[in-house]
Structures are given as structure tokens and as C-alpha cells.
Ligand code: CMC
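Residue numbers (my numbering): 1 to 427.
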């Protein structure tokens, strides 16, 4: 018999099974709690609640470990490609050469968008934020690709998954082109996933675009770093939306909307804005002081994480990648110096040490993306592009689970109890 957890509540004792995962904390299975005790658990922000079973990604926040299907993120960033990591996330194992070639070919066959979607873009205001465009366009995909929205059919699920992964770079690049008033650039399937995205973003029809291999590799690595991250807010949003049976395009649009917030995917944009605002290293102590001040809402963007209470392993790779990109593009940026010094000061500051606040993936990503040429408004778009494979893999895992149920959290109600309606004349 496995372990059990005992609970005394309302004068009675109850026992609940403890379920063990392959690694990480065990969970107490409280599914019968309400039926037996008439009580719910209370866990706003889900700090202690496992909402699903998953074999995709594992994080050990205390040790600063992130595994995709068992492989450390640092190793994947060094040796893998985004296409290979995508295959791994979707299928559970690393592909052999033939499987990788086949997967890459399949994805590249889906890169084009329905031509009518170009008209859809033109309906947005000229100065629309690319994330707003992305939410709208991805949500609209179900209107254009309704031949793959039967979620009960595994073939439909596979096609829509491939479509989402393949079309996201095209959608993101078109959002950028629209915002700068340049013509859309069609995909070129002879290029890599990331090279194609760079060309669609920075190329113009009037000239040949040469993909810089160092930039291509750096961006591909950034995509790997963002590919999946366990049950974060946007992934949980995708799962919750999907649990009702909504089509995958609608679910991913919901994930994109959630990702946009500054506490989640929007933090890379906010982090770079903050570094620019700080401007010079001599101003750093003032900002550290503000971050420590309980009466000041300011937070050091790119610092702290719900799960990591150690250095975010993705931030380590990011910091190395900044140097590579700067060397290859022969650029320097004073904000990188500000970032390095800010990191050092914060890591040695008692407030940050005591609260275990370390740099997260977003601290350096903005510095690299801006060196490559992306405006800040595109940062979260790139995060969404890369995270799509994680969302899709998590959504597939959920839908394929025969025990899957609609997500329906409970609440602690604190409003008025039942009361009689008072006619308007008596109020
Ligand atoms: N600067 C200053 N203080 C902070 C920071 C920060 N960046 N982050 C957390 N704290 C403090 C916070 O004020 C709180 O203090 P106290 O206990 O005195 O009230 C304590 O640390 C715990 O913070 P929390 O908000 O309860 O922790 P959380 O797990 O709910 O929040 C977080 C995690 C990421 C939202 C938060 O650290 C934060 O707002 N960071 C800045 C935004 C950011 O960089 N987000 C990107 C996250 S990584 C990318 C992703 O996976 O999406």
C-alpha cells in the first residue's frame, strides 16, 4: 500500500492517497475531499496545487533545474535545434535523422497563411501592438482552418498542432511588417524554421536577405529556452480553455492573451524598458532601493520567479548568448553593462538574497532581441511563437488523457448570503 496523508477536519479523520511522480514532490490526491468533508481546499495562485498529471517538463526550482522530457535545458540549448526540441516535446523522444527530416518537412509545408488572412491584418489599426494582432489572428485561424478542429480526431489534432507551430513565425513576422508599414514577405521553405522567420521579419521583397548564421543560432536557442515551462499561467490557460472542448486555435489564442501580462511573457519588454530607464550604472542603487521599498509598487523586472528560488537555468544561457550576438554583430549596448552590474548588486543585496530572487529568462532576453533588431513590442510575440509548441504539446497531452475533465475551480465565497430583492423605489 502506498503512502497516505491524514487530515482531521470537522471532528473526523480522513485519509488520502499520496501519489508519487517520477521526480519532484509527491501529491496528495484530494479528489474525494469535498464529497467526504464538505470542504474545499483554498490555494489562490495555485502555489501548492497540482492541477494535472504531465510527462512533458520538470522544474526543480530550488536547484535551478529545467528538464524537457528528461533533458536539461542547457544541454538542449547547446546541442539541439528548435525543430528537434519541438519533436521531443510533442513525441516524447528525440528523433532520429529520418524522423527529424520528416518532421521539419511537414512543418515547412504549413508555413503559408490563407491569403485572405492578409486582409484580416489590414483591419487592424496601423499602430496596433503586435501581441493584439497575434491574439486576434491566431483566434481567427479556426475560421480559416475548420477542417482540423475536430478535437476528438487524433489526425485533426496533429494537423492543427503542425499548423500552429508552422504558421506562428509567419503570423509574428506579418504582425511586425504591418506595424512598420512594409509589405508582407512570404515564407521560404528552403530556410530553417528560424532563418525563415528572420527573413520574413527583416527581409524586403526588393532585396535578397542573407540570414546571419550566428543570429539564426542565437534566436533558435532563445526559442528552445522558451519552448515549454510546465504549468505556468499561459499553459494553464490553454489547458483550462481546452478542457471545455474548445478548438486548438481558440485555446492558443487564450494562451497568448495570458502570456501578454507583465508578470509573465510581458516581463522581457518591461525588463528592457527598465534597463533603459536606469540608463547608467550609478543609478542602480536607487532602483534597488525602490524594489526593496514596500510602499513602492516598483519591482525589478526580470527578477524573481514563482518556481525558481535559484538562478533560472535559462538566464545562464541567455547571458552567454548576449556576448555571442554582440561579438557577431560587432555591437555594444550600454544597457548590457547596466544589466550585468544590476544583477551583481541585486544578487549581493540582503533583500534579494533573503527572498531568493534571481534573474529569470527575461532579464537578458530583451538585450539580445534588441541587438538583433527587434523592437520591444515584438519581444512577447517571440515568446509566444516559441511557447506555441509547449502549449500544443500540453493541450494534446490533456485531450489524449481518457480521464480528462472540464477544469472547474471552486471558491471561498465571501459575498452576501441569500437576501430579498428591494424594489427601486425603496432603495
Ligand atoms: N522585485 C522586487 N521584489 C520582488 C520581485 C521583484 N522582481 N519579485 C518578487 N518580489 C518580492 C515580493 O514583493 C514579495 O515580497 P513580500 O514577501 O515582502 O511581499 C516576495 O518577493 C515574493 O513575491 P511574490 O510576488 O509573492 O512571488 P510570486 O511567486 O507570486 O511572483 C513573479 C513571481 C515572477 C510574478 C515576481 O517575482 C515578479 O513580479 N517578477 C518581476 C516580473 C518578471 O520578471 N516576470 C517574469 C517571470 S519569468 C518568465 C515567465 O516564466 O513567464
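Backbone N, C-alpha and C define an ideal beta-carbon position, used for all residues, glycine too.
Computed from a predicted model, the values in this text were never measured in an experiment.
Beta bridge counterpart(s) of residue i as assigned by DSSP
i	result
residue 57	68
residue 15	6
residue 303	359
residue 28	18
Delimiting residues of the alpha helix (DSSP H) encompassing residue i
i	result
residue 364	362-372
residue 158	154-180
residue 136	130-144
residue 416	Counting along the chain, residue 416 falls outside any alpha helix (DSSP H), and DSSP gives it neither H nor E.
residue 271	267-278
residue 353	350-354
residue 151	No alpha helix (DSSP H) contains residue 151, which DSSP labels as neither H nor E.
residue 383	379-400
residue 118	116-122
residue 86	82-91
residue 198	193-202
residue 125	Taken as a continuous stretch (DSSP letters only), residue 125 belongs to no alpha helix (DSSP H), as it is neither H nor E.
residue 103	97-108
residue 79	73-79
residue 186	Premise fails: residue 186 is in no alpha helix (DSSP H) and is neither H nor E.
residue 407	Residue 407 -> no alpha helix (DSSP H), and no H or E assigned at all.
residue 411	Where residue 411 is concerned, there is no enclosing alpha helix (DSSP H), given that its DSSP letter is neither H nor E.
residue 33	33-37
Close-in-space but distant-in-sequence residues of the same chain around residue i (CB under 6 Å, 5 per side omitted)
i	result
residue 390	227 and 228
residue 150	156
residue 183	205
residue 91	none
residue 144	114
residue 410	40
residue 166	107, 110 and 111
residue 356	309
residue 61	307, 308 and 309
residue 160	148 and 248
Supposed contact pair residue j and residue i - C-beta distance, whole angstroms, cut 8 Å
i	j	result
residue 368	residue 218	6 Å
residue 339	residue 363	7 Å
residue 366	residue 379	6 Å
residue 224	residue 80	6 Å
residue 5	residue 18	6 Å
residue 301	residue 267	5 Å
residue 252	residue 164	6 Å
residue 179	residue 406	With 8 Å as the limit, residue 179 and residue 406 do not qualify as a contact, their Cβ atoms being about 37 Å apart.
Neighbourhood of residue i by C-beta distance below 8 Å, restricted to the same chain and skipping five residues each side
i	result
residue 189	108, 109, 111 and 196
residue 296	290
residue 154	400
residue 56	68, 69, 89, 228, 230, 390, 393, 394 and 397
residue 256	131, 134, 135, 138, 234 and 384
residue 37	7, 9, 10, 12 and 14
residue 427	none
residue 116	144
residue 321	218, 221, 222, 364 and 368
residue 51	231, 236, 239 and 407
Cβ-based neighbour list, residue i, same chain, cut-off 7 Å, excluding 5 preceding and 5 following
i	result
residue 312	64, 305, 358, 359, 360 and 361
residue 324	214 and 218
residue 174	121 and 184
residue 262	270
residue 29	16, 17 and 19
residue 85	68, 76, 224 and 227
residue 433	Residue numbering for the chain in the displayed model covers 1 to 427; residue 433 lies beyond these limits and cannot be assessed.
Any chain B beta carbon closer than 7 Å to residue i
i	result
residue 50	No chain B appears in the structure shown, which is made up of a single protein chain.
The ligand HEM heavy atom lying under 6 Å from the CB of residue i
i	result
residue 46	The ligand HEM is absent from the structure shown, which contains only the ligand CMC.
| message | Just to confirm the assignment: which complete beta strand (DSSP E) runs, minimum length 3, are found wholly within the stretch 204-250? | response | none
| query | Which whole runs of the alpha helix (DSSP H) in the stretch 283-341 are 4 residues long or more, in chain order? | reply | 284-292 and 313-329
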